[in-house]
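Undergrad: Before I ask anything, here is the structure I am working with.
Protein chains in written order, with the numbering used here: chain A, 14 to 192; chain B, 934 to 1128.
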């Protein structure tokens, strides 16, 4: 039971290249098992350090040339400014394309489904002559015709603003994908 | 020792390569290609994949050499790339178990020759009997002479984890080598009886 603890301390000392603790050294004086463990571990470490990795085999002929050819090709691609494609942009290309397509679809849907004129007010409402809407909408004051025109103008203005926003967004996407 | 010129350090070469020096990068390739190949062979047990991954490691190093910071050891940086590639490769498929014919068939009868053979084949034994992580840790520790801290950094593991991996790897290797030793002793014993 104690041997396991001491062997763990020996292994730790070998790994960290530190001194074996005094308690363990004292234990080893009377424990041939732990002395053998230390000797075997040291021999193994020496073998691992001394024996060359090349003994497990050399790479094939033209290995170095192959690596350098690939590196030079990469270097040429890096130096050709017109042909260089940013890898991140390339990787995200599909994402941007998807986002662009979704944007176009959104514009198309809005253009189709947005009513050309605002809904017609009920006749009773239009015949009231001069009237005042609630205070929260103070600009919409006047006849029903006035109100219709005002709503139409606002609708056109908002639609225009929305189109500008979408166009700006698309420009941004195009810049990101292109740059 | 005939040459009086001092070889530039890896870090100095990496700085030159970062500034566009292709010759410096080639020097680094020459220094590390076989070491990386060995690392991958022991780890993945497949020579062809080891060659491919060695090439890919250098390509990635070249692509990202601008990000290299010379205050970190170039070796640690390079083996970090190699380790990540090995992991992604290992995830793609299980390692191929290849029997080393030379390991078993070319054994010589005398016990001392057997011991030499056993020693000579210690990396082949490691390749077959250790897990990929254990093999990587053993290569980095005993062939690349990296500290436990550097190994932990390059493998993105804790120091304690690396210590455990090393301990288990040594234990496993000791068990396998001991078994082989016992088998060899039996062979030598039977040969002695025959003569």
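All residues carry an ideal CB built from backbone N, CA and C; glycine is no exception.
How should residue 971/B be labelled, buried or exposed, when 16 other C-beta atoms within 10 angstroms of its C-beta is the threshold for buried?
TA: The residue given as residue 971/B occupies position 38 in the second chain. Buried is the call here.
Undergrad: Between the alpha carbons of residue 1070/B and residue 1095/B, how many angstroms are there, rounded?
TA: Within the second chain, the letter at position 137 stands for residue 1070/B. Within the second chain, the letter at position 162 stands for residue 1095/B. Between residue 1070/B and residue 1095/B, the C-alpha separation is close to 7 Å.
Undergrad: Output yes if chain A places a C-beta closer than 9 Å to the C-beta of residue 951/B; else output no.
TA: On the second chain, position 18 is the one that residue 951/B refers to. No, residue 951/B lies away from the interface with chain A (no Cβ there is under 9 Å from its Cβ).
Undergrad: What does residue 1055/B touch in chain A if you count any residue whose Cβ is under 7 Å from its own?
TA: Here residue 1055/B is taken as the residue at index 122 of the second chain, counted from 1. Going along chain A in sequence order, the residues near residue 1055/B (Cβ under 7 Å) are 60, 61, 64.
Undergrad: Roughly how many whole angstroms lie between the Cα atoms of residue 1116/B and residue 19/A?
TA: Walking along the second chain from the start, residue 1116/B turns up at place 183. Walking along the first chain from the start, residue 19/A turns up at place 6. When rounded, the distance between both Cα atoms is 29 Å.
Undergrad: Looking at the structure shown, is residue 178/A part of a helix, part of a strand, or coil, going by DSSP?
TA: For this step, residue 178/A is matched to residue 165 along the first chain. Three-state result, residue 178/A: helix.
Undergrad: Let's test the definition: count the other Cβ atoms within 10 Å of the Cβ of residue 1007/B and tell me whether it reaches 16, buried, or not, exposed.
TA: Translated into the one-based positions of the second chain, residue 1007/B becomes position 74. Looking at its Cβ environment, which holds 16 or more other Cβ atoms inside 10 Å, residue 1007/B is buried.
Undergrad: Are the C-beta of residue 67/A and some C-beta of chain B separated by less than 9 Å?
TA: In the first chain, the residue the question calls residue 67/A occupies position 54. By this cut-off, residue 67/A is an interface position.
Undergrad: Please report whether the beta-carbon of residue 184/A lies at a distance below 9 Å from any beta-carbon of chain B.
TA: Position 171 of the first chain holds residue 184/A. Not closer than 9 Å to any Cβ of chain B, the Cβ of residue 184/A fails to qualify, so no.
Undergrad: I'd like the list of long-range same chain contacts for residue 994/B, defined as Cβ closer than 7 Å, with 5 residues on each side in sequence excluded.
TA: By one-based count along the second chain, residue 994/B stands at place 61. Cβ neighbours of residue 994/B within its own chain (closer than 7 Å, five residues either side excluded): 1011, 1014.
Undergrad: Could you tell me which of 58/A, 89/A, 86/A sits nearest to residue 30/A, measuring between CA atoms?
TA: Here the question's residue 30/A lines up with position 17 in the first chain. Residue 58/A is the option with its Cα nearest to residue 30/A.
Undergrad: So what does DSSP say about residue 125/A, is it helix, strand or coil?
TA: Start at 1 with the first residue of the first chain, and residue 125/A comes out as number 112. DSSP places residue 125/A in helix when its eight states are reduced to three.
Undergrad: Which two residues bound the contiguous alpha helix (DSSP H) that contains residue 44/A?
TA: For the purposes of this step, residue 44/A is taken as the residue at position 31 of the first chain. Taken as a continuous stretch (DSSP letters only), residue 44/A belongs to no alpha helix (DSSP H), as it is neither H nor E.
Undergrad: Could you confirm whether any beta carbon from chain B is found closer than 9 Å to the beta carbon of residue 179/A?
TA: In the first chain, the residue the question calls residue 179/A occupies position 166. Answer no: the Cβ-Cβ gap between residue 179/A and chain B never drops below 9 Å.
Undergrad: Which stretch, first to last residue, makes up the alpha helix (DSSP H) that contains residue 1079/B?
TA: Counting from one through the second chain, the residue named residue 1079/B turns up at place 146. Residue 1079/B -> no alpha helix (DSSP H), and no H or E assigned at all.
Undergrad: Who are the near neighbours of residue 1066/B in its chain, counting only those whose CB is closer than 7 Å to its CB and skipping five residues on each side?
TA: Translated into positions along the second chain, residue 1066/B becomes position 133. For residue 1066/B, where only same-chain residues beyond five positions count, the Cβ hits under 7 Å are 1098.
Undergrad: Measuring only between beta-carbons, confirm whether residue 41/A sits less than 9 Å from chain B.
TA: For this step, residue 41/A is matched to residue 28 along the first chain. Not an interface residue.
Undergrad: Quick check on residue 1107/B - is its C-beta less than 9 Å from some C-beta in chain A?
TA: Position 174 of the second chain, counted from the first residue, corresponds to residue 1107/B. Output row for residue 1107/B: interface = yes.
Undergrad: Applying a beta-carbon distance threshold of less than 8 Å, which residues of chain A neighbour residue 965/B?
TA: As a working note, residue 965/B is residue 32 in the second chain. Here the premise fails: no neighbours, minimum Cβ distance about 10 Å.
Undergrad: Please compile the residues from chain B whose C-beta is within a distance smaller than 9 Å of the C-beta of residue 83/A.
TA: Counted from its first residue, the first chain places residue 83/A at position 70. In chain order: 988, 989, 991, 992, 995.
Undergrad: In chain B, what lies closer than 8 Å to residue 87/A by C-beta?
TA: Counted from its first residue, the first chain places residue 87/A at position 74. The contacting residues are 992, 995, 996.
Undergrad: Is residue 962/B near residue 77/A, with beta carbons less than 9 Å apart?
TA: If you number the second chain from 1, residue 962/B lands on position 29. If you number the first chain from 1, residue 77/A lands on position 64. Contact: yes.
Undergrad: Please list the residues of the segment 14-29 of chain A that have a C-beta atom closer than 7 Å to any C-beta atom in chain B, keeping them in chain order.
TA: 24, 25, 28, 29
Undergrad: When DSSP labels each residue in this structure, what does residue 1167/B get in the three-state scheme?
TA: Because chain B spans 934 through 1128 in this model, residue 1167/B falls outside it and cannot be assessed.
Undergrad: State the CB to CB distance for the pair residue 1076/B and residue 72/A, rounded to an integer number of angstroms; the pair is presumed to be in contact (CB under 8 Å).
TA: Here residue 1076/B refers to the residue found at position 143 of the second chain. Here residue 72/A refers to the residue found at position 59 of the first chain. For a cut-off of 8 Å, the C-beta gap from residue 1076/B to residue 72/A is around 16 Å, too long to register as a contact.
Undergrad: What is the DSSP secondary structure of residue 88/A, reduced to helix, strand or coil?
TA: In the first chain, residue 88/A corresponds to position 75, counting from 1. Residue 88/A: helix per DSSP, three-state reduction.
Undergrad: What residue range is occupied by the uninterrupted alpha helix (DSSP H) comprising residue 74/A?
TA: One-based indexing of the first chain puts residue 74/A at position 61. Per DSSP, residue 74/A belongs to no alpha helix (DSSP H) and is neither H nor E.
Undergrad: Do residue 1113/B and residue 1058/B have their C-beta atoms within less than 9 Å of each other?
TA: What you label residue 1113/B is simply residue 180 of the second chain in a count that begins at 1. What you label residue 1058/B is simply residue 125 of the second chain in a count that begins at 1. Contact flag set, yes.
Undergrad: Tell me the rounded alpha-carbon separation between residue 1084/B and residue 965/B.
TA: The count along the second chain starts at 1 and reaches residue 1084/B at position 151. The count along the second chain starts at 1 and reaches residue 965/B at position 32. Their Cα atoms are separated by approximately 17 Å.
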